[in-house]
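Enquirer: My structure is below; once you've seen it, I'll send some questions.
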Amino acid sequence: MIENPNEVVTKAILRLVQVPGLDKPAALITLDNGFDHKKPNSFGPGGLASLDEAITAATAANPAFIALTGKPYIFCVGADITGMPLIKTREQALALGELGHKVFARLKNSEIPTFAFVNGAAMGGGLEVALHCHYRTVSTGAAALALPEVAIGLIPGWGGSQILPNLIGIINAATVILQNPLTQKTLRPKQAKEWGVADALFEAADFLEDSLAWAAGVVKGDVTVERPEIDRKDWDGVLEFAKAVLDEKLHGAVPSANRALELLALAKTASFEEGTAAETEALADLILGDEARASLYSFDLVQRRAKRPVGVPDKSLARKVTKVGIIGAGLMASQLALLFLRRLQVPVVLTDLDQERVDKGVGYVNAEIDKLVSKRRMDEGTAARLRQLISGSVDKSVFADADFVIEAVFENLDLKKQIWAEFEKIVKPEAVLATNTSSLSITEMAADLQHPERLVGFHFFNPVAVLPLLEIIRGEKTDDATLATAFEVGKTLKKSSVLVKDAPAFVVNRLLTRVTSEIFQAVDAGTPLDVVNVAMDPLGLPMRPIALLQLVGPAVAYHVGETLHAAFPDRYVDSPNLKRIVDAGLPVMVDKEINPEVVKLLEVGDSPLTADQVRQKALDGLAEEIRIMLDEGVVAEAQDIDLCMILGAGYPFHLGGVTPYLDRSGTAEKVTGKRFLRDGVANVPA
1 MIENPNEVVT KAILRLVQVP GLDKPAALIT LDNGFDHKKP NSFGPGGLAS LDEAITAATA
61 ANPAFIALTG KPYIFCVGAD ITGMPLIKTR EQALALGELG HKVFARLKNS EIPTFAFVNG
121 AAMGGGLEVA LHCHYRTVST GAAALALPEV AIGLIPGWGG SQILPNLIGI INAATVILQN
181 PLTQKTLRPK QAKEWGVADA LFEAADFLED SLAWAAGVVK GDVTVERPEI DRKDWDGVLE
241 FAKAVLDEKL HGAVPSANRA LELLALAKTA SFEEGTAAET EALADLILGD EARASLYSFD
301 LVQRRAKRPV GVPDKSLARK VTKVGIIGAG LMASQLALLF LRRLQVPVVL TDLDQERVDK
361 GVGYVNAEID KLVSKRRMDE GTAARLRQLI SGSVDKSVFA DADFVIEAVF ENLDLKKQIW
421 AEFEKIVKPE AVLATNTSSL SITEMAADLQ HPERLVGFHF FNPVAVLPLL EIIRGEKTDD
481 ATLATAFEVG KTLKKSSVLV KDAPAFVVNR LLTRVTSEIF QAVDAGTPLD VVNVAMDPLG
541 LPMRPIALLQ LVGPAVAYHV GETLHAAFPD RYVDSPNLKR IVDAGLPVMV DKEINPEVVK
601 LLEVGDSPLT ADQVRQKALD GLAEEIRIML DEGVVAEAQD IDLCMILGAG YPFHLGGVTP
661 YLDRSGTAEK VTGKRFLRDG VANVPA
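Position 627, counted from 1, in the sequence shown is what UniProt numbering calls 627; the numbers after and before it change by one each time, with no gaps.
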């Protein structure tokens, strides 16, 4: 077994606890890596060895029962993935799988009753070790329960794929193992109890005491745990349906999903030993696959780099924000108002051309607050306070004491310049001015201001409440205090902010538009829309190109394309066919099919491309554009490009964002002469 010198060892601390009503003490094993909840427990070789020793000592004590729990707020979040890149051989990968199985099986095979008291987050191997115990309780305060491995290019490799379907049925198991990871969802404690993942649910305040008392009741026979018989008749049909859904969404691009399906199928009839042996083989294959390495790279970006943005001025320069002004009261502006209100909990004021629009915007915010209360996602006291903080006015003087003013109006440079010229005279000299532009130059927008240093780009992604990326754009004259304030506001909004140089369309829109440009060049040449629409399928992107065009809106896509065509006419083509679609105002998709009326509009050449050729042109275009952006210093490193594409465009973990895929497919070297990332950073090294 390979050792990980960087492992933060989670120690299994054993103590004997006297439980009322029992003649013998209980053996309570607490998982604790010595840090607070910000550094969760995980299992590396050292942690597994510690648990093994604790189980040995607990068994020797001959207790009434053995129970496993975690440190405050955290049970265990799974394998220590920092050690994965150290695995170079299949033998090492197999050893990791076998070690986990060997240690966890001791809890399953124990003659002494075993319990898991899931007091906090339990993910991956953390949930799997709980599943090996004979009984499980869960706290109402457990933040997340999940088997997320498929999303990071792996499979539940320590028993989860075999125990779970035989505990809660194939439908629910497929949801936990396949659907939830791919949609970034987790189980909540109440649902875990309803589905049978947990046998009992207790309030967080007295969780350990209640769990010990409940376990004592089980041991004495006062409490009976009943588990329903698993229906196996529809097992194969459920998995066939799941495979069809995966094929439609991922197009075979995620090997871990297919391996998980195979393991779930095996769980129907295989012995536990046969099933877990298959898990170990699958885990070894996937650990040594590029998709898993790219997924772990993506995970690191989202969990670490996103929290420490590169190139940001010291936060001590940030100004305090006690009031926010929002220029505009349309849907985007209203969504921003709700976000600022909920996260900053300071007065937020909206303005627009007339009172009717202002009232509609404020009404939207209040209606959304009411929805949150009705869904029990906000208490009435908080809601009442927020309702007092939101207001609107056509009198722009209400912005005079705002510390942070953001506009969300139509994407027109002259209009935005006019607005800022007017509001600069109203707001106080130190107020930060932020523009939610998706493609326009911050420098040009600030050119005529008396204080251009306080204008900053603040590019959100729609829907604002869902997508976590915030591109913060520094104009040529944006000063450090403005930038520091912008990043502190972004952090308070719970967004992942990336510093971007003022360049046309910034990062995400620039790259997505380059793909759209390449695709519509193929359409203009004569390639049918249905061919270009499936061209990117082997990448497993969240949406096909034409469906994405429909979501963004052809008019918006064309507008951003115009901006980029003006800046880079040799690389971004002004497609006449995209213009025809915009002018026609027709939906591009109807009932998930390409609108035949749109097809009739097209005027095309006689040089159609195959889907493979279209895909390669799009990948070549991406590689060229990213290299240019890095050379221009649009962002600090390729990692920031990938972070933007993951969080802003929904690019999947298995691609590593985009640059690892361009590296491993050979596109980066073919187009630009070199890789974007060092060999081995997001792939299995040669």
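Note that the Cβ used here is the ideal one computed from N, Cα and C, for glycine as well.
1. Compare the Cα-Cα distances from PHE75 to each of ALA26, LYS108, ALA12, GLU111 and report the closest residue.
2. On the three-state DSSP scale, how would you describe ALA566?
3. Specify, as a first and last residue, the run of the beta strand (DSSP E) that TYR135 falls within.
4. Could you check how far apart the C-beta atoms of PHE676 and ALA638 are, in whole angstroms? I think they sit under 8 Å.
5. Go to THR437, then tell me how far its alpha helix (DSSP H) extends in each direction, as first and last residue.
6. If you scan the stretch 79-139 from start to end, which runs of the alpha helix (DSSP H) of 4 or more residues do you find wholly inside it?
7. Would you mind reading off the limits of the alpha helix (DSSP H) that contains ARG15?
8. Can you check which of these residues, GLY540, PHE506, SER295, is closest to ASN683 by C-alpha distance?
9. Between LEU182 and SER397, what straight-line distance do the alpha-carbon atoms span, to the nearest angstrom?
10. Straight-line CA distance for LYS428 to ASP403?
11. GLY46 to ALA26, Cα distance in whole Å?
12. Taking Cβ to Cβ, would you say LYS617 is nearer than 8 Å to ALA555?
13. Measuring CB to CB, does PHE115 end up less than 8 Å from PHE65?
14. Run the proximity test for ALA93: is its beta-carbon closer than 7 Å to any non-hydrogen atom belonging to the ligand GTP?
15. Could you tell me the distance, in whole angstroms, from the CA atom of VAL604 to the CA atom of THR527?
16. Take ASP32 as the anchor and find which of PRO72, ALA623, LYS24, LEU16 has the nearest alpha-carbon.
17. Mind checking VAL599: buried by the 16 CB within 10 Å criterion, or exposed?
18. Leaving out five residues before and five after LEU386 in sequence, what residues of the same chain have Cβ atoms less than 6 Å from its Cβ?
19. Among the residues of its own chain, which have a CB less than 6 Å from the CB of VAL560, if the five just before and after it don't count?
20. Identify every residue that forms a DSSP beta bridge with SER391.
21. Kindly confirm or deny that the stretch 165-172 and the stretch 137-153 touch, where touching means at least three C-beta pairs closer than 8 Å.
22. In terms of alpha-carbon separation, which member of GLU229, GLN179, ALA215, ALA566 lies closest to ASN166?
23. For PRO542, tell me which candidate among ALA278, ALA567, ALA146, GLN184 has the shortest Cα-Cα distance.
24. In chain order, which continuous runs of the alpha helix (DSSP H) of length 4 or greater are located wholly inside the stretch 215-303?
25. If the criterion is Cβ atoms closer than 8 Å, does the pair ALA215 and ALA67 meet it?
26. Would you kindly work out how many angstroms separate the C-alpha atoms of residue 689 and ALA668, rounded to a whole number?
27. Mind reading off the beta-carbon distance from VAL321 to VAL348? Whole number of angstroms is fine, and I expect it under 8 Å.
28. For TRP195, collect the residues of the same chain with a Cβ closer than 6 Å to its Cβ; drop the 5 residues on either side in sequence, then sort them by chain order.
29. What separation, rounded to the nearest whole angstrom, lies between the Cα atoms of ALA267 and ILE152?
30. Going by beta-carbon coordinates alone, are LEU643 and LEU301 separated by less than 8 Å?
31. Taking the alpha carbon of LYS477 as the point to measure from, which residue in VAL507, LEU433, SER517 has its own alpha carbon closest?
32. Any idea if ARG259 is buried or exposed, counting beta-carbon neighbours within 10 angstroms, 16 or more meaning buried?
33. Report, in whole angstroms, the separation of the C-beta atoms of LEU469 and GLY648, which I expect to be a contact under 8 Å.
Expert: Quick answer:
1. ALA12
2. helix
3. 135-139
4. 4 Å
5. No alpha helix (DSSP H) holds THR437; DSSP gives it neither H nor E.
6. 90-108, 125-132
7. It is not in any alpha helix (DSSP H) - ARG15 instead sits in the beta strand (DSSP E) that spans 11-17.
8. SER295
9. 48 Å
10. 8 Å
11. 25 Å
12. no
13. yes
14. No copy of the ligand GTP occurs in the structure displayed, which carries no ligand at all.
15. 8 Å
16. PRO72
17. exposed
18. LEU341, ILE369
19. SER439, ALA505, ASN509, THR513
20. VAL349
21. no
22. GLU229
23. GLN184
24. 235-250, 255-266, 272-287, 290-303
25. yes
26. Outside the displayed span of the chain (1 to 686) sits residue 689, for which this structure offers no information.
27. Going by Cβ atoms, the distance from VAL321 to VAL348 rounds to 11 Å, so no, they are not a contact pair.
28. ILE168, ASN172
29. 22 Å
30. yes
31. LEU433
32. buried
33. 4 Å
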